[in-house]
Amino acid sequence: MADDILEDCLERGLDLDTGLDVFLTQCARMVHARAGFVSLRGTRGPVLTRVLGELGADVFEAAHWTGPKPLRDGRTLFCVQLTLGRINLGGMGLVVDGAFEDGGARVMGLVEAIGEQLDSAVLSFLALTDGRGPLERLDELDAEGTPVQRGRIGRYEIVKPLGTGGMAQVLVARTRGPEGLGRLVALKRILPHLTAQQEMVQQFLDEARIGLRLSHPNLVHVYDFGEAQGAYYIAMELVNGIDLDRLLRANKGPLEPGVASAVVSQALQGLHAAHALKGEDGASLELVHRDLSPHNLMVGFDGQVKVLDFGVAKVRAQRTVTLPGIVKGKPLYMSPEQALGLKLDARSDLFAMGLILYQALTGTRAFDRDDELATMKAICQDKLLRPKEVPVPLWNVLSVALSKAPESRFDTAHAMADRLVAACPPVRDTVLAALTARLFPERLRDSQRMETSVNPAREAPTRATPIARPPPRPGGRER
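Mind the numbering: the sequence shown is residues 1 to 479 in full-length UniProt numbering, read in order.
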């Protein structure tokens, strides 16, 4: 919600003050609050403070509080700090009437969730003015607000935020070429507070090096890599589409077998190209993704599927070393050997792809348990039975992919894709395109508008036809 509000303000030419006012009003309605505040701090103190209603406390003191604070008039002020890593952006709070039997724990949980949305959204908003650190950018804001000018990171002009994770911020950006022609890219920028952590920087550099070597229609293409304003960035293909996780939720149930086969078989082809990647010495890099899930399989509005995010991928002789016993990845989609912290190879990714296929066919996660430890134990020990909605030929593919022992699985992603296609012929790309267009019409229109805004002379697609991909890099290969 916070991202949407601030993005809308940007599109309307409004400032951060207005965005915070709208955000406060919406959040107050959610928790039935009578009053609230947001106070942002720079390096020298408060720079932007917005108050809704009668707060009943000194806002500059409250901006440093954390937790529920009873007020003299019987109301309670629930306060949270806005933080990103070691950076403190300020504080926010909401005032709610009445006494609370649980001490206000449930309301506090809601306020904390709201704060987590707001701090990443503020960072995204500030990045649209330039690429410097958020505290330095906040120092330039005054209480009356400053007009937002489109900023740049390196040679890229920032268009809008896409999201912020634990390591990086992703933005939509554009380049300008001869005669005003340009292209949109997804610009991934390491978070400012992580630039001092050498291990995180090295992991980001590893991702860039891997991405620049990958080339396949079912893998996201990396165009560029550089450093600007003291932080590294990766410019990559902007995929106009929806990730499989959102597609499954919007579909409100399992996918048709042919659709599931199309999505997973395409992803397997891209994965095979990554697994087969060789170094300059001609030897296999032994690349393992290690973090496959429905979140990083993108289904494009053109019907093409792409594997995203090799951010925690591991290669032979990689500089960033994961110590034995340190587990990286999402527990719901781990292989048994990954859950145990053992050495991984490409077959670990095939287990994850089996879990994704199972979820696409059934609408449920195979080993989802009450907590992460129970989930990892189930992955290692529990046996799966064929759900009645999964046809026998498809179950035969799943049972091999989900074998506990790596040697019992398919040898390669290509072999798994071949068996999957033979067991259940995939639908055409046009069917996938029609499905994504039907479930996400607004998202499709937004992507078409953005493409048209970059190259106004182009005629925007009027239906779910393949959207033109960016041209290859000069001297690069056509994919």
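Backbone N, C-alpha and C define an ideal beta-carbon position, used for all residues, glycine too. Since we're looking at a predicted model, the values are computed, not measured.
Close Cβ partners of Thr66 (< 7 Å) along its chain, the five nearest in sequence each way excluded: Cys79, Val80 and Gln81
Val307 vs Leu271 beta-carbon contact at 8 Å: yes
CB of Glu409 within 8 Å of CB of Arg347, strictly: In the sequence as displayed, the identity of residue 409 is Arg instead of Glu. Contact flag set, yes.
Run of the alpha helix (DSSP H) containing Tyr232, from where it starts to where it stops: Where Tyr232 is concerned, there is no enclosing alpha helix (DSSP H), although the beta strand (DSSP E) it sits in stretches over Ala231 to Glu237.
Residue of Leu110, Ala250, Asp368 and Phe351 minimising C-alpha distance to Leu292: Phe351
Three-way DSSP call (helix, strand, coil) for Met200 in this model: helix
Separation of Gln197 from Gln203, as counted between CA atoms: 10 Å
Cβ shell of Gln435 (< 7 Å), same chain only, five flanking positions each side left out: Gln is not the amino acid found at residue 435; the sequence shown has Leu there. Same-chain partners within the cutoff: Val259.
Cβ pair count under 8 Å reaching 3, the region 89–98 against the region 45–62: yes
Alpha-carbon spacing of Pro441 relative to Gln117, whole angstroms: 25 Å
Reduced DSSP category for Asp370 - H, G, I as helix; E, B as strand; rest coil: coil
Buried/exposed call for Leu77, threshold 16 Cβ in 10 Å: buried
Candidates Leu214, Gln381 and Leu184, of which the one nearest Leu285 by Cα: Leu214
Closest Cα partner of Arg29 within the set Leu94, Glu227 and Ser39: Leu94
C-beta atoms of Pro426 and Ser261 nearer than 8 Å: yes
Buried/exposed call for Val22, threshold 16 Cβ in 10 Å: buried
Proximity winner among Val400, His275 and Val170, relative to Leu184 (alpha-carbon distances): Val170
Given Glu112 as reference, the closest of Ala57, Arg189 and Val31 once Cα atoms are compared: Val31
Gln269 versus Leu205 - alpha carbon distance: 25 Å
Counterpart residues of Leu48 in DSSP-defined beta bridges: Leu40
Alpha carbon of Leu340 to alpha carbon of Arg369, nearest angstrom: 17 Å
Segment contact flag, the region 238–251 with the region 331–338, C-beta cutoff 8 Å, min 3 pairs: no
Opening and closing residue of the alpha helix (DSSP H) in which Met167 lies: Unbroken run through Met167: none, as it is neither H nor E.
Proximity below 8 Å, CB of Pro254 to CB of Leu361: yes
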